[in-house]
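Right, one structure below, let's go through it.
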Amino acid sequence: MRIETQAQYEAQTAAEIRLAEFLAEQIRNSVTYFGYPEIPQNNDLAILGVSGLAKLHLNNAGDPSIHGNSKMHTKEFEKEVLAFVADLYELENHWGYITSGGTEGNLYGAYMGRDFFKLQDKEPYFLFSESSHYSIPKNAHLLDIKQRKIQSQESGEMSYEHLREVIAEIHAIHSNYGLIINLNIGTTMTGGMDQLSEVQKVLRELGIEQENVFLHADAALMGFIYPFLESKEDLFKNGLSSIAISGHKFPGTIHPCGIFLSSKELQDKTFKKSSWVPYLEVHDTTISGSRNGFLAINFWYIIQKKGIEGFKREAETCIENAIYLYEKLKSFNYPDVAYNPNQIIVTFKKPQDAIVKKYQLATQEDKAHVVVMQHINRHKIDEFCGVLKESTENR
Numbered sequence: 296m297r298i299e300t301q302a303q304y305e306a307q308t309a310a311e312i313r314l315a316e317f318l319a320e321q322i323r324n325s326v327t328y329f330g331y332p333e334i335p336q337n338n339d340l341a342i343l344g345v346s347g348l349a350k351l352h353l354n355n356a357g358d359p360s361i362h363g364n365s366k367m368h369t370k371e372f373e374k375e376v377l378a379f380v381a382d383l384y385e386l387e388n389h390w391g392y393i394t395s396g397g398t399e400g401n402l403y404g405a406y407m408g409r410d411f412f413k414l415q416d417k418e419p420y421f422l423f424s425e426s427s428h429y430s431i432p433k434n435a436h437l438l439d440i441k442q443r444k445i446q447s448q449e450s451g452e453m454s455y456e457h458l459r460e461v462i463a464e465i466h467a468i469h470s471n472y473g474l475i476i477n478l479n480i481g482t483t484m485t486g487g488m489d490q491l492s493e494v495q496k497v498l499r500e501l502g503i504e505q506e507n508v509f510l511h512a513d514a515a516l517m518g519f520i521y522p523f524l525e526s527k528e529d530l531f532k533n534g535l536s537s538i539a540i541s542g543h544k545f546p547g548t549i550h551p552c553g554i555f556l557s558s559k560e561l562q563d564k565t566f567k568k569s570s571w572v573p574y575l576e577v578h579d580t581t582i583s584g585s586r587n588g589f590l591a592i593n594f595w596y597i598i599q600k601k602g603i604e605g606f607k608r609e610a611e612t613c614i615e616n617a618i619y620l621y622e623k624l625k626s627f628n629y630p631d632v633a634y635n636p637n638q639i640i641v642t643f644k645k646p647q648d649a650i651v652k653k654y655q656l657a658t659q660e661d662k663a664h665v666v667v668m669q670h671i672n673r674h675k676i677d678e679f680c681g682v683l684k685e686s687t688e689n690r
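Here you go:
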C-alpha cells in the first residue's frame with residue numbers, strides 16, 4: 296500500500312512539474328504571438344481560474360431560453376451575452392446561442408439557410424467568396440448544399456460582378472431555388488469586408504426576391520469592432536439573416552467560443568418543429584447537445600469589465616496601431632505591404648522562416664500578416680519592425 300501511495304505521489308509530482316514547464320513555455324510563446332487573432336494571455340479573466348467556477352460542471356444543454364431539469368448551467372449569463380450583442384447590432388427580438396467558435400456559428404447559419412429553403416421545397420445554393428474562411432466550404436459540404444465560389448478582389452472583398460454572373464447563371468437554369476450568401480465582415484488573411492449594400496444592389500438589378508435569399512455574415516474577428524466603424528452598415532435592418540462572431544478573438548475570452556445570432560421570427564419559422572427532449576426538458580435547437588457553460592461565464596465577465604465604451608476604445612486603439620505598423624513597414628520599404636481601411640490586419644511579403652516561426656505568423660503563399668490585437672502595443676511593433684528591417688538589410 297505504501298509503495299502504491301509513493302508511486303501516486305511521484306506521478307502527481309511529475310505531472311505538476313510538466314504543467315509548470317508547459318506554463319512557462321506558453322508564457323514565452325505569448326510574448327511573440329503576432330499572426331493569429333487571439334489574445335494569448337488575458338489577465339482580465341484570471342479571477343475565473345481561482346473563483347471556484349472552474350472546477351464546476353456547467354452544462355448549457357439545449358436551447359438557452361429554457362433552463363430544463365438540471366440547475367448546473369449558466370444560461371442566465373448566456374442570455375445576457377446574447378442581449379448585449381443583439382443591442383450592438385440593433386437586432387430586436389433576437390435568438391441565438393453561445394457556440395464553440397466561429398466554425399460552429401457559420402455552420403448554424405448555413406444549416407438555418409438550408410432548412411429555411413427546404414421547408415419551401417426550394418433547392419438551396421451556397422455562395423461564398425474565395426477569400427472566405429476554410430470552414431465555409433467545409434460546412435456546405437457537411438450539409439450537402441450545392442456551392443459556388445465567387446471570385447475576390449485584391450483586397451479580399453468579393454467581386455460583385457462575378458456574383459452577378461453566378462446568380463444570373465443559377466437563375467437561368469433553375470426556377471425554384473434559394474440563395475444562401477456568405478458575407479465576410481473581415482476576411483481571414485487581409486481583412487476584406489463584403490458590402491451588404493452592394494450584394495443587395497446586385498439582387499435588385501437581377502430581380503431576385505428577398506424571400507429567395509438568406510444572407511449570413513461571418514464576422515468572426517470584426518464582430519466586436521464593426522459596430523463602432525463610421526462606415527458600418529445597418530446589417531439586420533438591411534436584410535441580414537444571421538451572423539457568427541468569435542468570442543476568443545477581439546472580445547478576448549481565453550477559451551475558444553462564439554455567438555450565433557438571428558431573429559426569433561426567423562428561428563421559429565425555420566425550426567418550428569425542433570425536437571423536445573423530455574430527458575432534459577429543453578428544445579434541441581443547437582448543433583451540439585452538451586455545451587460548455589463556463590464559456591458563457593467567460594464571455595459575460597469580459598463584457599461586464601469592458602462594456603460598450605471599453606470595446607470601442609480597444610477597437611480604435613487596435614486600428615490606430617495597425618496603421619502605425621503599416622506606416623512603419625512602408626518607411627523602410629518592406630515589400631508588398633498592404634492595409635485595408637478600418638482593419639486590424641496588415642499584410643506583407645513573407646519573411647524568413649526564422650521570423651515566421653518566432654512570431655508565429657500566419658502565411659499564405661508568399662504573404663504573411665500581423666493581426667494587431669489588444670496585446671500588440673507600439674513597443675512590440677517597433678521591435679518586430681526592427682527585426683524585419685534587419686532581415687532585409689542582411690539580404
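Using my numbering, the letters of the sequence shown map in sequence onto residues 296 to 690.
Idealized CB from N, CA, C, for every residue including glycine.
> Assuming Tyr621 and Val641 make a contact with CB atoms under 8 Å, what is their CB distance in whole Å?
Replying inline: The count along the sequence shown starts at 1 and reaches residue 621 at position 326. The count along the sequence shown starts at 1 and reaches residue 641 at position 346. With a contact defined as Cβ atoms closer than 8 Å, Tyr621 and Val641 qualify at about 5 Å.
>> Only counting the same chain, and skipping five residues up and downstream in sequence, which positions put a Cβ closer than 8 Å to that of Met296?
In response: Residue mapping note: residue 296 aligns to position 1 of the sequence shown, counting from 1. Low confidence applies to Met296: its pLDDT is 42, below 50, so where it sits in the model is not reliable enough to give any reading.
>> Assess contact between the stretch 553-573 and the stretch 374-382, defined as three or more Cβ pairs (one per stretch) separated by less than 8 Å. Is contact present?
In response: yes
> Where do the N-terminal and C-terminal ends of the alpha helix (DSSP H) with Arg608 fall, by residue?
Replying inline: Within the sequence shown, residue 608 is the residue found at index 313, counting from 1. Segment Gly588 to Ser626, the alpha helix (DSSP H) holding Arg608.
>> Measuring only the C-alpha atoms, how far is Asp579 from Arg586?
In response: One-based indexing of the sequence shown puts residue 579 at position 284. One-based indexing of the sequence shown puts residue 586 at position 291. Looking at the two C-alpha atoms, the distance is approximately 12 Å.
> Cβ atoms of Gly487 and Ser426: under 7 Å apart, would you say?
Replying inline: Counting from one through the sequence shown, the residue named residue 426 turns up at place 131. Counting from one through the sequence shown, the residue named residue 487 turns up at place 192. A contact, by the Cβ cut-off of 7 Å.
> Excluding five sequence neighbours on each side, which residues of the same chain lie with their C-beta closer than 6 Å to the C-beta of Leu458?
Replying inline: By one-based count along the sequence shown, residue 458 stands at place 163. Excluding residues within five positions, the ones whose Cβ falls inside 6 Å are Ile445 and Val497.
> What does Val577 pair with, by DSSP beta-bridge criteria?
Replying inline: Position 282 of the sequence shown holds residue 577. DSSP output for Val577 lists Val572 as bridge partner(s).
> By a C-beta neighbour count over all protein chains shown, 10 Å radius and 16 as the cutoff for buried, is Gly588 buried or exposed?
Replying inline: Residue numbering aside, residue 588 sits at position 293 when the sequence shown is read from its first letter. Label assigned to Gly588: buried.
> DSSP on Met668, reduced to helix/strand/coil?
Replying inline: Position 373 of the sequence shown holds residue 668. In this structure, Met668 counts as coil in the three-state DSSP scheme.
> Between the Cα of Gly473 and the Cα atoms of Phe411, Thr485 and Gly518, which residue gives the shortest distance?
Replying inline: Against the sequence shown, residue 473 aligns to sequence position 178. For the residues Phe411, Thr485 and Gly518, the minimum Cα distance to Gly473 belongs to Phe411.
> Are there three or more Cβ pairs, one per stretch, closer than 8 Å when the stretch 438-453 is compared with the stretch 477-486?
Replying inline: They touch, by the three-pair rule.
> Going by C-alpha distance, which of Phe523, Pro573 and Ser583 is nearest Asn364?
Replying inline: Walking along the sequence shown from the start, residue 364 turns up at place 69. If we check each option's Cα against that of Asn364, Pro573 comes out closest.
> Counting only runs that start and end within the stretch 313-396, where is the alpha helix (DSSP H) found for 4 or more residues in a row?
Replying inline: 341-345 and 370-383
> By the 10 Å Cβ neighbour count, where 16 or more other Cβ atoms means buried, how is Arg409 classified, buried or exposed?
Replying inline: By one-based count along the sequence shown, residue 409 stands at place 114. Label assigned to Arg409: buried.
> Going by Cα to Cα distance, which pick from His674, Asn338, Cys613 and Ala610 is closest to Ile322?
Replying inline: Start at 1 with the first residue of the sequence shown, and residue 322 comes out as number 27. Ranking His674, Asn338, Cys613 and Ala610 by Cα distance to Ile322 puts Asn338 first.
>> With DSSP as the reference, identify every bridge partner of Ile538, one or two as the case may be.
In response: Locating residue 538 in the sequence shown gives position 243, counting from the first residue. According to DSSP, Ile538 bridges with Ala512 and Leu556.
> For Phe531, is the classification buried or exposed, using 16 other Cβ atoms within 10 angstroms of its Cβ as the cut-off for buried?
Replying inline: Within the sequence shown, residue 531 is the residue found at index 236, counting from 1. Buried.
> Which residues in the same chain have their Cβ closer than 7 Å to the Cβ of Lys527, if we skip the five residues on either side of it in sequence?
Replying inline: Position 232 of the sequence shown, counting from 1, holds the residue named residue 527. Closer than 7 Å at Cβ, skipping near neighbours: Tyr521.
> Is it the case that the Cβ atoms of Asn355 and Lys370 are separated by a distance below 7 Å?
Replying inline: The residue you call residue 355 lines up with position 60 of the sequence shown. The residue you call residue 370 lines up with position 75 of the sequence shown. For Asn355 and Lys370, yes; Cβs fall inside 7 Å.
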